[in-house]
Structures are given as structure tokens and as C-alpha cells.
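Positions -12 to 55 (my numbering) are the ones given, in order, by the sequence shown. For every residue, glycine included, the Cβ atom is placed at its ideal position computed from N, Cα and C. Beneath this line is the structure, given in C-alpha cells, with notes to follow.
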Amino acid sequence: MNLKASYDPEVDVLYFAQPGKEEEVVEVAPGINLEYGANGELLGVEILNASRLMKGIIEPLREKALAA
């Protein structure tokens, strides 16, 4: 699995994804979406309002994204 993590501080979204074409998105909890490919494989996890939900993880990613 070639999973990449990214954080967009402008919209406060944390995203874990691997290459592939998204066919379906399922909201599994408020602000947490799973993205699936055509064969049902998990391609991505999207976390909205990430700084509120994942405080200990977001700040280092936020600093890295702003420095880029």
C-alpha cells in the first residue's frame, strides 16, 4: 500500500490516500469520510475539521505544510 498523508491548513482537512480512482465516498462518522475504488478497496480517509479532532497529529503536519 502506497499511502500518503497530507494536511491542508486552509480548509483544515487531513487526508490519507493511495493512488486510484475514487468511486464511492462513505461518511463513517461526522467529518470522517472513507473513499473506495471500483473493487471496494480503500483508497483514502478524509478528516474534516482535523485540528479539532486530532490535535496531537495536526500541528506537526500543519507546520510542515506551511513551510513548503
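> Excluding five sequence neighbours on each side, which residues of the same chain lie with their C-beta closer than 8 Å to the C-beta of Gly7?
Replying inline: So the qualifying residues of the chain are Gly24, Glu28, Leu30.
> Rounded to the nearest angstrom, how far is the Cβ of Leu1 from that of Gly18, given a contact under 8 Å?
Replying inline: Approximately 10 Å separates the beta-carbon atoms of Leu1 and Gly18; this is outside 8 Å, ruling out the contact.
> Whose CA, out of Asp(-5), Phe3, Asp(-1), Pro(-4), lies closest to the CA of Asn(-11)?
Replying inline: Relative to the Cα of Asn(-11), the nearest Cα in the group Asp(-5), Phe3, Asp(-1), Pro(-4) belongs to Phe3.
>> Taking only three categories from DSSP, how would you classify Leu53?
In response: Three-state result, Leu53: helix.
> Using the beta-carbon count (16 or more within 10 Å), is Ala16 buried or exposed?
Replying inline: Exposed, since its Cβ has fewer than 16 Cβ neighbours within 10 Å.
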